[in-house]
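**Student:** According to the UniProt record's numbering, the sequence shown is numbered sequentially starting from 1.
No residue lacks a Cβ here, since even glycine has one placed at the ideal position from N, Cα and C.
Okay, here's the structure, questions in a sec.
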Amino acid sequence: MTDTPDRREPVAPTERLDASTYDRDTAAGRYDGDVAPAPRTDDPALRNEVLAREEERFGGFKFGSAFFGWIAAMGLALLLTALIAAIGGAIGAVAPDAAENAVNTATDNMGVTTIIGAIALALVLFISYFAGGYVAGRMARFSGVKQGLAVWLWAIIIAVIVAVVTAVGGAQWDILGALGGFPRIPVTPETATTAGILTAVGAAIVTLAGALLGGAAGMRYHRRVDREGFGI
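Printed below as a string of structure tokens:
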């Protein structure tokens, strides 16, 4: 009698287990059926620790970002100044194209129209440097107030450089005067008047406030992203 081989039923292929859903027990060399617990990310202490490490590494002044913020501020100042000048021309109001002109005119003639023009120009400077600080803070992610201050420092540095070059080389080098987006530093007897000095100080205060607030606002966007990422 010849032995006949046992007939075996076909066995369905074993379903491949997704290793990503199982914990690997390296000590026992096996998988268990428990899903690995996800690390908690909604812990405020963990979030603050991570952000502190990131800020320590990437925080501080970022003068490259601040330079682009200053460019954005100057561009917006030109656009808003042109818009106000067009509106003022349409309604017959005085729309001075430079801050010192506004204050000098207001000193000579304290009319309502002139005061409105000076206030409008102050708003232009504030909004422009708020936008510049926002750009710098958004680009740098951390230390938003410092980025806004850096934008303002760029404005001061460039104003000083232009003032020195203008004093040495002549009025043809008065680049900021041609743009009309930021008041020049008085360097001649004609411009170093009380009104001119007060104008420069007032414009510096307005632009500094706008840049600092804009930098803080730009940084807040990244904090919202962090809160979403940490599930807070």
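Using the C-alpha atoms, what's the distance from G218 back to G133?
**Tutor:** About 7 Å.
**Student:** Exposed or buried, T166, counting other C-beta atoms within 10 Å across all chains shown (16 or more means buried)?
**Tutor:** Buried, because 16 or more other Cβ atoms sit within 10 Å of the Cβ of T166.
**Student:** For the alpha helix (DSSP H) containing G169, list its first residue and its last residue.
**Tutor:** From DSSP, the alpha helix (DSSP H) with G169 extends over G144 to G169.
**Student:** If you draw a straight line from the alpha carbon of T81 to that of M139, how long is it in whole angstroms?
**Tutor:** Looking at the two C-alpha atoms, the distance is approximately 26 Å.
**Student:** Does the beta-carbon distance from V135 to I84 come in below 9 Å?
**Tutor:** For V135 and I84, no; Cβs fall outside 9 Å.
**Student:** In its own chain, which residues sit with a C-beta less than 7 Å from the C-beta of G214, not counting the 5 before and 5 after it?
**Tutor:** Only Y129, F130, A131, G132, G133, Y134, G137 and G148 meet the Cβ criterion.
**Student:** If I measure Cβ to Cβ from S65 and keep anything under 7 Å in the same chain, skipping five residues before and after, which residues do I get?
**Tutor:** Same-chain partners within the cutoff: A136, M139, A140 and Q147.
**Student:** State yes or no: is the C-beta of T207 within less than 9 Å of the C-beta of A86?
**Tutor:** No, these two residues do not count as a Cβ contact at 9 Å.
**Student:** Do the CB positions of I157 and A204 come within less than 9 Å of each other?
**Tutor:** Not a contact, by the Cβ cut-off of 9 Å.
**Student:** Verify whether the separation of the beta carbon atoms of V145 and A216 is less than 9 Å.
**Tutor:** Result yes, Cβ atoms of V145 and A216 sit closer than 9 Å.
**Student:** Grab me the residues of F68's own chain with a C-beta within less than 8 Å of its C-beta, minus the 5 sequence neighbours each way, in chain order.
**Tutor:** Excluding positions up to five away in sequence, the list reads V135, A136 and M139.
**Student:** Do A200 and F126 come within 9 Å of each other at the CB atom, strictly closer than that value?
**Tutor:** Not a contact, by the Cβ cut-off of 9 Å.
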